[in-house]
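Converting from the sequence shown to this note's numbering requires adding 12 to each position, the first position being numbered 1. Below is one structure, written out as structure tokens; the observations come after it.
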Amino acid sequence: MVKYLISFPAAAMLVSDVELERASRDSHAVIEAAKAAGVYVFGGGIDAGVPVVRVSGDSTVVEGGYPSGPKLDGGFAVLELSSRDAAVAWAARLATACRCDQELRVFHFDPAS
Numbered sequence: 013m014v015k016y017l018i019s020f021p022a023a024a025m026l027v028s029d030v031e032l033e034r035a036s037r038d039s040h041a042v043i044e045a046a047k048a049a050g051v052y053v054f055g056g057g058i059d060a061g062v063p064v065v066r067v068s069g070d071s072t073v074v075e076g077g078y079p080s081g082p083k084l085d086g087g088f089a090v091l092e093l094s095s096r097d098a099a100v101a102w103a104a105r106l107a108t109a110c111r112c113d114q115e116l117r118v119f120h121f122d123p124a125s
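What follows is the structure, encoded as structure tokens:
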């Protein structure tokens, strides 16, 4: 089994307030289905109201993330699945529910973690 990150940036959700309510309802239904199927690990959304900080090894805290890095916001789900095809199928279900394309990434397995 492999863990997959299915996510989208906040800017991808170009929907009306009414459609946003429907997307929320529909995406929660997909997550409930993933839980029922036993493939859900965790998920949620990045809280854009909390500023990003970067913490160094000496505990210095600096406002903002890496300047060259992409902005990380939006929603995500981590699912543990048997194949890439299964991951694509769940990503498609979430894309339909969220009304926007989803990015699909694979977590590298680290046996020491």
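Even for Gly, the Cβ is constructed at its ideal location relative to N, Cα and C.
Could you pull the DSSP bridge partners for residue i from this structure?
i, result
"glutamate 92", "Lys15"
"glycine 87", "Phe20 and Gly57"
For residue i, which residues from the same chain have a beta carbon less than 6 Å from its beta carbon, with the 5 sequence-adjacent residues on both sides left out?
i, result
"phenylalanine 10", "Past the edges of the chain, shown from 13 to 125, lies residue 10, and the structure says nothing about it."
Under 8 Å, do residue i and residue j count as touching if we go by C-beta distance?
i, j, result
"aspartate 85", "isoleucine 58", "yes"
"leucine 17", "phenylalanine 88", "yes"
"valine 53", "leucine 106", "no"
Helix, strand or coil for residue i per DSSP?
i, result
"valine 27", "coil"
"leucine 106", "helix"
"leucine 32", "helix"
"arginine 66", "strand"
Grab the span of the beta strand (DSSP E) containing residue i for me, first residue to last.
i, result
"glycine 50", "Where glycine 50 is concerned, there is no enclosing beta strand (DSSP E), given that its DSSP letter is neither H nor E."
To which residues of the same chain is residue i closer than 7 Å at the C-beta, ignoring the five residues directly before and after it?
i, result
"alanine 22", "Ala60, Asp85 and Gly86"
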